[in-house]
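Numbering (our numbering), first residue to last: 24 to 178.
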């Protein structure tokens, strides 16, 4: 599995945490070890450009996902086939602002946004109430599982 992380944001980000998060989440979602995904961290100007270009909405946003091969989560018996999951674009500056409002760390916000972006790459959405319940429930489960693994790793 190739997980590429490219920080172009100018913000210091613990890329190893994001790498471990992606490894954890991809394993939990039974994605093939031969699947590829990229995480790009950008500044507010670059994120605003992408937000306008792809969503036709003004201002920077926190996360954008660009799926490639339209892969879906697998199962233990039938993992997702190999392929390109796509790109997750994060804006640490926006994440930092949201983290303050949510009263948690910027790292916690980036964990949430990265997980959210991955679920979008795998076809999840939150446009309808039932989709939102499913996606956000899975997002909470993945993050809780990752946090438990991280606590054991540090112990």
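All C-beta atoms in this analysis are idealised placements derived from N, C-alpha and C, irrespective of residue type, glycine included.
Taking only the alpha-carbon atoms, compute the straight-line gap between residue i and residue j and give it to the nearest angstrom.
| i | j | result |
| --- | --- | --- |
| residue 132 | residue 100 | 32 Å |
| residue 117 | residue 76 | 18 Å |
| residue 144 | residue 178 | 32 Å |
| residue 146 | residue 93 | 7 Å |
| residue 30 | residue 157 | 30 Å |
| residue 28 | residue 151 | 31 Å |
| residue 167 | residue 72 | 33 Å |
| residue 115 | residue 36 | 8 Å |
| residue 49 | residue 43 | 10 Å |
| residue 153 | residue 170 | 26 Å |
| residue 155 | residue 148 | 7 Å |
| residue 51 | residue 175 | 17 Å |
| residue 70 | residue 172 | 31 Å |
| residue 160 | residue 41 | 20 Å |
For residue i, count the other beta carbons within 10 Å of its own beta carbon; 16 or more makes it buried, fewer makes it exposed. Which is it?
| i | result |
| --- | --- |
| residue 109 | buried |
| residue 127 | exposed |
| residue 122 | buried |
| residue 78 | exposed |
| residue 58 | buried |
| residue 32 | buried |
| residue 129 | buried |
| residue 103 | buried |
Cβ-heavy atom distance between residue i and the ligand SAH below 6 Å?
| i | result |
| --- | --- |
| residue 109 | Absence of the ligand SAH is noted for the structure shown, with no ligands found whatsoever. |
Assuming the contact rule is C-beta atoms closer than 8 Å, residue i and residue j should be a hit. Round their C-beta distance to whole Å, please.
| i | j | result |
| --- | --- | --- |
| residue 54 | residue 97 | 6 Å |
| residue 68 | residue 74 | Not a contact, Cβ separation roughly 11 Å. |
| residue 45 | residue 63 | Going by Cβ atoms, the distance from residue 45 to residue 63 rounds to 13 Å, so no, they are not a contact pair. |
Please specify which runs of the beta strand (DSSP E), each continuous and at least 3 residues long, are wholly inside the region 39 to 93, giving them in chain order. Complete beta strand (DSSP E) runs here, min 3: 58 to 64, 86 to 90.
How about the region 130 to 146 and the region 82 to 97: do they share at least three Cβ pairs that are nearer than 8 Å? yes
At 4 residues or longer, what runs of the alpha helix (DSSP H) sit wholly inside the region 120 to 149? 129 to 144
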